[in-house]
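Asks:
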Amino acid sequence: MVERASTPSAISSNPTRLFTRYRSCSSDFDTLDSPQVYGDVQRDRISFIRCRIDKTVDAQEGTLPRARTPRDRWIEEGLALLVEGGPDAVRVEVLATRIGVTKGGFYGHFSDRAALLDAMLDRWRTDSVDEVLAAVEQAGGDPADRAVLAGHLTFDGERLPTDMAVREWARRDSGVAERLREVDNRRMELLRKSFAGNGTKGVELEARCLIAFCVAIGSRLLDADHPGFTRRQVLDAATELVIDPVNAPRAR
């Protein structure tokens, strides 16, 4: 486990302000937790977390893909149509044309369109929660690192468009809204476990979890400039403010 100052006073009482710097991203996973004293702990912590993210994504891409079946193809194309045009765009005849088969092939896998929509939601839940949490556990790290990694895997890359499409769908379908609530509650539980490790509890714990979740989603929807800073710099600072508000870096 990475060595850290146990309390804010442990840092401020040291006039030389020695911090923990994490090894570079060239290290293997089993050596990433070995610290060396040097530099700014907050900046290097972010670099360390980003390193874990990159390595976890690389590891996922290097694994054997899920065995695809004809049924999987219908689900995948259904999710693609959901992203493109919402649930109303998911029509059997359109799917059949995209796949290059007759409509009759659909009914060999699903009893009706509603069954396909249900299977699409099952796939979304598996991809966005079950597989993400499995990858996070495999990557290791402390609870806060795992929370950051989970957020990246969930709201960056290919998973984000599907997640946003499901959220839009949930606004007009109570059944989908219930499925979304189940998934978001599992994500919030991971955040609670992450932030409770430093003694945070009660409404402050819930507030930090909510802020972290809103930043993860909202930053993808906000199209605004940050004069003097990049979006990445601002997000890194926001991450540290949520993870470690006492020792988070102040504006330089």
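The sequence shown lines up with residues 1 to 252 when you count with my numbering. Using N, Cα and C, we set each Cβ at its ideal position, and we do this for glycine too. Since the model is a prediction, treat every value here as computed from it, not as a measurement.
#1: Which of helix, strand or coil does DSSP assign to H152?
#2: Could you pull out every residue in the same chain whose Cβ sits closer than 8 Å to the Cβ of K103, ignoring the five residues on either side in sequence?
#3: Expressed to the nearest angstrom, what Euclidean distance is found between the alpha-carbon atoms of V148 and Y107?
#4: Please report the residue range of the alpha helix (DSSP H) in which F195 lies.
#5: Using the Cβ count rule (16 or more neighbours within 10 Å means buried), how would you classify A165?
#6: Take I211 and list the residues in its own chain whose beta-carbon comes closer than 7 Å to its own, dropping the five residues that flank it on each side.
#7: Just to confirm the assignment, what range does the alpha helix (DSSP H) spanning A135 have?
#8: Could you have a look at V101 and say whether DSSP puts it in helix, strand or coil?
#9: At the level of alpha carbons, what is the spacing between P143 and R179?
#10: Less than 7 Å between the C-beta atoms of V286 and R146, yes or no?
#11: Around the C-beta of H226, are 16 or more other C-beta atoms found within 10 angstroms, so that it is buried, or is it exposed?
#12: Under a three-way DSSP split, which group does S219 fall into?
#13: Looking at R146 and the ligand COA, is the gap between the Cβ and the nearest heavy atom below 6 Å?
#14: Using CA coordinates, which residue listed in W169, R71, T154, D130 is at the minimum distance from G86?
#15: Going by C-alpha distance, which of V129, H109, E204 is nearest R181?
#16: Quick check: the Cα distance between V176 and L121, rounded to an integer number of angstroms?
Replies: If we stick to the structure as given:
#1: What you label residue 152 is simply residue 152 of the sequence shown in a count that begins at 1. Three-state result, H152: helix.
#2: On the sequence shown, residue 103 is found 103 positions in, with the first residue counted as 1. Same-chain partners within the cutoff: V92, E93, A96.
#3: Within the sequence shown, the letter at position 148 stands for residue 148. Within the sequence shown, the letter at position 107 stands for residue 107. Those two C-alpha atoms are separated by around 41 Å.
#4: Stepping through the sequence shown from its first residue, residue 195 is reached at position 195. Note, F195: alpha helix (DSSP H), 174-195.
#5: By one-based count along the sequence shown, residue 165 stands at place 165. So A165 ends up on the buried side.
#6: Numbered from 1 along the sequence shown, position 211 holds the residue referred to as residue 211. Only V242 meet the Cβ criterion.
#7: Within the sequence shown, residue 135 is the residue found at index 135, counting from 1. Going by DSSP, A135 is part of the alpha helix (DSSP H) stretching over 131-139.
#8: For the purposes of this step, residue 101 is identified with residue 101 of the sequence shown, where counting begins at 1. Coil, per DSSP.
#9: In the sequence shown, the residue the question calls residue 143 occupies position 143. In the sequence shown, the residue the question calls residue 179 occupies position 179. When rounded, the distance between both Cα atoms is 25 Å.
#10: Here the chain has residues from 1 to 252 only, and residue 286 is not among them.
#11: In the sequence shown, residue 226 corresponds to position 226, counting from 1. Its Cβ having fewer than 16 others within 10 Å, H226 is exposed.
#12: Along the sequence shown, one-based indexing puts residue 219 at 219. Helix at S219.
#13: Absence of the ligand COA is noted for the structure shown, with no ligands found whatsoever.
#14: Residue numbering aside, residue 86 sits at position 86 when the sequence shown is read from its first letter. Of W169, R71, T154, D130, the residue nearest in Cα terms is W169.
#15: The sequence position of residue 181 within the sequence shown is 181, counting from 1. Looking at the Cα atoms, V129 is the closest of the given residues.
#16: If you number the sequence shown from 1, residue 176 lands on position 176. If you number the sequence shown from 1, residue 121 lands on position 121. Cα to Cα, the separation comes out at about 8 Å.
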